[in-house]
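S.K.: Here it is: the structure, laid out below.
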Amino acid sequence: MKLFCVFLLFVSQLTFGQNSVVDLKDAGADSKGLVNCSPIIDKIVAELSEQGGGEIYIPSGVYLSGPIELKSNITLNIGSGAVLKFSDDFDEYLPMIDSRWEGVRVRNFKSCIYSHNANNVTIKGRGLIDGNGEKWWDLWSRVRSGEKTNTKWEAIFKKENAEMLKTNEYLQGMGSFLRPPLFMPYNCTNVRVEGVTFTNPPFWTLMPVFSENVTIDGITILNPGDSPNTDGIDPSSCRNVRISNSHISVGDDCIVIKSGRDADGRDANRPTENITISNCTMLNGHGGVVIGSEMSGSVRRVAISNCVFEGTDRGIRIKTMRGRGGVVEDVRVSNVIMHNMLREGVMINMHYHETPEEPVSDRTPAIRNVYLSNIRMTNANKGIAIYGLKERSAEQISFNDIQIDAKTGVTGDYASNIDMKNIRLSVSNGNAIEFNHSEKIQISDLTVYNLSADVSVIKLDSCSDILVNNCFQPTELPVFIEGNQSVTNLFVINNILSGVDLLVEGDVPFLTEKGNIIKRDMEKNAQTAVKK
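See below:
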């Protein structure tokens, strides 16, 4: 107690010049991580803010802190060798503030670092920010398992969110202990995060919400692989976000773009748009770059380029479901390498959770205008999967210059306007490409390797308006395309299939074949040449 009183006396005497750079250790903070330095940091932020802004510099050492509010024009500089470690005393994160939890607006714990309605907020440096999340993870797991914990924090949450809990079924099912993200700028402009390493967040690591002009550059996020829901970067209903030159290895998705959940997200009506993600490496997460599933406010104009994914469950994933509503559109993915994908390299899924078919309404999501090019995928469990809804297909999806080495190839169900060009597939199990309940598909310049000798290259069921052209298949296979009477308007044109015995198997109505060369044609040509 005596030490704390002396500490407060020191804090009360701090004064700074305008636009100062204040050294936290020089200001009296303990650099061994034994004494909570929140009072000093709060004092520095308040005085710098009154003077128009400035920088808090944290030198080498370990500094223990409660939640930090960064106000306008404040920079938090974590120096090389510095560790900013956050308290795991939940009381310090009270009172609860406006937040968003998995796409739903709530009142919740303060984040470790947060900004509300601020401009020009920066976190930078070469040091480490440790969210000290283990205690948060433990209580959350106990609550989610159904244990009757009945903590005071759950009671506070229920009181703060009483109206929302009356109507929001999702929140009702999540329990009343919701962890905060490590850094949350909420309704802010000009946010910059650069250079710093982050670890052990209570929940998601960086979660900008309702913010604009967000730059995240050259950071590292290292969260334990078994830490629950510790996403890397989750912009939610943000505009003009640039993420680059970063390395991420986490317990959930590495980068995931969101815009609200279900009715609450549609009511907020704030899309996430104008997003670039470039020059990043991502390891050991559920997904490399993910959009959704909370995308009810819509996501549009996203460019992902020059990234490497290794050991993630999936590389590129777009996920949504009935009830979300919203649109994901105008997504470009280029120059991406994926290695050791535990599941699909590319997954586009409109039934993230299985629900009954329903009439098209504002609850029905849409995915359209997605373009992927120059993708190299090795040692994947599955190459590509596209799953639309019966009432609304995933549509206008293009693949160009794609090389895939996977156990299984490409699957599509309820897909429309699919364009696949310059595709190289090495597949060990099943058909190379299979589409069901789909239409308006063009497959051109396809070559398949290592396919089992007892399956066709392409399998179609309940499909229409299919063009397969300019493909090359030199390896020996019994059948190129397998169809049936549910397949209509199949055009197979100008394919060189020197190793294929049969062009199309099955009774396909309205089949057009023109300019194709298969194995028997090659044999006839050889016999003719011998006779001459």
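Under mature numbering (1 follows the signal peptide of the UniProt record, and there is no 0), read the sequence shown as residues -17 to -1, 1 to 515, first letter to last.
Glycine included, each C-beta is placed from N, C-alpha and C at the ideal position.
Going by DSSP, name the residue or residues bridged to H322.
M.R.: Within the sequence shown, the letter at position 339 stands for residue 322. Per DSSP, E293, T361.
S.K.: Measuring CB atoms only, is the segment 238 to 258 touching the segment 222 to 229, in the sense that at least three cross pairs come out at less than 8 Å?
M.R.: Segments in contact, yes.
S.K.: Tell me whether C(-13) is buried or exposed, calling it buried when 16 or more other Cβ atoms sit within 10 Å of its Cβ.
M.R.: The residue given as residue -13 occupies position 5 in the sequence shown. Note that C(-13) scores 41 on pLDDT, short of 50, meaning its location in the model is unreliable and no value can be drawn from it.
S.K.: Mapping the DSSP letters down to three states, classify V28 as helix, strand or coil.
M.R.: Numbered from its first residue, the sequence shown carries residue 28 at position 45. V28 falls in the helix class under three-state DSSP.
S.K.: Taking the DSSP output, what are the residues bridged to R88?
M.R.: Reading the sequence shown from its first residue, position 105 is the one you call residue 88. In DSSP, R88 forms a bridge with R83.
S.K.: Say whether the segment 18 to 28 touches the segment 129 to 140, bearing in mind that this needs 3 or more beta-carbon pairs closer than 8 Å, one atom from each stretch.
M.R.: Flag = no, the segment 18 to 28 and the segment 129 to 140 do not touch.
S.K.: Identify the residues that DSSP records as bridge partners of N332: which are they?
M.R.: Taking the first residue of the sequence shown as position 1, residue 332 is located at position 349. DSSP output for N332 lists K302, Y370 as bridge partner(s).
S.K.: If we count the other Cβ atoms within 10 Å of its Cβ and call it buried at 16 or more, is H133 buried or exposed?
M.R.: Taking the first residue of the sequence shown as 1, we reach residue 133 at position 150. First, the residue type needs correcting, since residue 133 is Asn and not His in the sequence shown. With fewer than 16 other Cβ atoms within 10 Å, it is exposed.
S.K.: Rounding to the nearest angstrom, what Cα-Cα distance links A398 and M333 in this structure?
M.R.: Within the sequence shown, residue 398 is the residue found at index 415, counting from 1. Within the sequence shown, residue 333 is the residue found at index 350, counting from 1. Taking the straight line joining both Cα atoms gives about 10 Å.
S.K.: So, for residue 520: in the same chain, excluding its five sequence neighbours on each side, which residues have a beta-carbon less than 6 Å away from its beta-carbon?
M.R.: This structure gives no information on residue 520, because the portion of the chain shown stretches from -17 to 515.
S.K.: Under 8 Å between the Cβ atoms of S14 and P50?
M.R.: Position 31 of the sequence shown, counting from 1, holds the residue named residue 14. Position 67 of the sequence shown, counting from 1, holds the residue named residue 50. Going by C-beta atoms, S14 is not nearer than 8 Å to P50.
S.K.: Check whether the Cβ atoms of L161 and N91 lie closer than 8 Å to each other.
M.R.: As a working note, residue 161 is residue 178 in the sequence shown. As a working note, residue 91 is residue 108 in the sequence shown. Result yes, Cβ atoms of L161 and N91 sit closer than 8 Å.
S.K.: For M167, which beta-bridge partners are listed by DSSP?
M.R.: Numbered from its first residue, the sequence shown carries residue 167 at position 184. M167 is bridged to Y97.
S.K.: Does the segment 172 to 180 come close enough to the segment 141 to 157 to have 3 or more Cβ pairs within less than 8 Å?
M.R.: Touching, no.
S.K.: Kindly list the residues whose CB is nearer than 6 Å to the CB of S232, restricted to its own chain and excluding five residues on each side of it in sequence; keep chain order.
M.R.: Here residue 232 corresponds to residue number 249 of the sequence shown, with the count starting at 1. Hits under 6 Å: L205, L266, N267.
S.K.: Within the same chain, show all residues whose beta-carbon is closer than 7 Å to that of P184, passing over the 5 residues directly before and after it, in chain order.
M.R.: Taking the first residue of the sequence shown as 1, we reach residue 184 at position 201. Closer than 7 Å at Cβ, skipping near neighbours: G114, G116, P164, L165, N206, T213.
S.K.: Using the Cβ count rule (16 or more neighbours within 10 Å means buried), how would you classify H336?
M.R.: The residue you call residue 336 lines up with position 353 of the sequence shown. Classification of H336: exposed, given that the 10 Å Cβ count is below 16.
S.K.: Counting along the chain, where does the alpha helix (DSSP H) carrying residue 534 start and finish?
M.R.: No answer is possible for residue 534: the residues shown for the chain start at -17 and end at 515.
S.K.: Please classify M505: does DSSP put it in a helix, a strand, or coil?
M.R.: In the sequence shown, counting from the first residue as 1, residue 505 sits at position 522. In this structure, M505 counts as helix in the three-state DSSP scheme.
S.K.: Please report how far the alpha carbon of S3 lies from the alpha carbon of D9, in whole angstroms.
M.R.: The residue given as residue 3 occupies position 20 in the sequence shown. The residue given as residue 9 occupies position 26 in the sequence shown. Those two C-alpha atoms are separated by around 13 Å.
S.K.: In terms of residues, what are the limits of the beta strand (DSSP E) holding A12?
M.R.: Translated into positions along the sequence shown, residue 12 becomes position 29. Neither: A12 is in no beta strand (DSSP E) and is coded neither H nor E.
S.K.: Let me confirm a value: P22 is counted as buried when at least 16 other C-beta atoms fall within 10 Å, else exposed. Which label applies?
M.R.: What you label residue 22 is simply residue 39 of the sequence shown in a count that begins at 1. Buried, by the Cβ-count rule.
S.K.: Ordered along the chain, which non-local residues of its own chain (more than five positions away) have a Cβ less than 6 Å from that of I358?
M.R.: Taking the sequence shown and counting its residues from 1, the one referred to as residue 358 is at position 375. If we look at I358 and ignore the five residues flanking it on each side, its Cβ neighbours are V319, I385.
S.K.: Would you call the segment 480 to 487 and the segment 458 to 467 in contact, with 3 or more CB pairs under 8 Å?
M.R.: As far as the Cβ criterion goes, the segment 480 to 487 touches the segment 458 to 467, which means the pair count is three or higher.
S.K.: CB D245 to CB G158, shorter than 8 Å?
M.R.: On the sequence shown, position 262 is the one that residue 245 refers to. On the sequence shown, position 175 is the one that residue 158 refers to. It is not a contact, given that the beta carbons lie outside the stated cut-off.
S.K.: Measure the Cβ-Cβ separation of T182 and L67 and say whether it is below 8 Å.
M.R.: The residue you call residue 182 lines up with position 199 of the sequence shown. The residue you call residue 67 lines up with position 84 of the sequence shown. No.
S.K.: In this structure, does DSSP put A138 in helix, strand or coil?
M.R.: Residue numbering aside, residue 138 sits at position 155 when the sequence shown is read from its first letter. Reduced to three states, the DSSP call for A138 is helix.
S.K.: Looking only at DSSP bridge pairs, what is A246 linked to?
M.R.: On the sequence shown, residue 246 is found 263 positions in, with the first residue counted as 1. According to DSSP, which records beta bridges pairwise, A246 is partnered with nothing at all.
S.K.: For the alpha helix (DSSP H) that contains R225, what are its first and last residues?
M.R.: Along the sequence shown, read from residue 1 onward, the residue named residue 225 stands at position 242. No alpha helix (DSSP H) contains R225, which is instead part of the beta strand (DSSP E) from 222 to 227.
S.K.: In chain order, what residues of the same chain have a beta carbon less than 6 Å from the beta carbon of T430, not counting five sequence neighbours either side?
M.R.: In the sequence shown, residue 430 corresponds to position 447, counting from 1. So the qualifying residues of the chain are R407, F455.
S.K.: Is DSSP giving T259 helix, strand or coil here?
M.R.: Indexing the sequence shown from 1 puts residue 259 at position 276. Strand.
S.K.: What's the gap between the Cα of Q379 and the Cα of A286?
M.R.: In the sequence shown, the residue the question calls residue 379 occupies position 396. In the sequence shown, the residue the question calls residue 286 occupies position 303. Cα to Cα, the separation comes out at about 16 Å.
S.K.: Would you check if the distance between the CB atom of N352 and the CB atom of E417 is smaller than 8 Å?
M.R.: As a first step, residue 352 is located in the sequence shown; it is residue number 369 there, counting from the start. As a first step, residue 417 is located in the sequence shown; it is residue number 434 there, counting from the start. Their beta carbons are not under 8 Å apart, which means N352 does not touch E417 by this criterion.
S.K.: Per DSSP, what are the beta-bridge partners of N60 in this structure?
M.R.: Position 77 of the sequence shown holds residue 60. BP columns for N60 point to Y40, K107.
S.K.: Bridge partners of L189, per DSSP?
M.R.: As a working mapping, residue 189 is identified with position 206 in the sequence shown. DSSP, once it has assigned bridges, lists F166, I216 as partnering L189.
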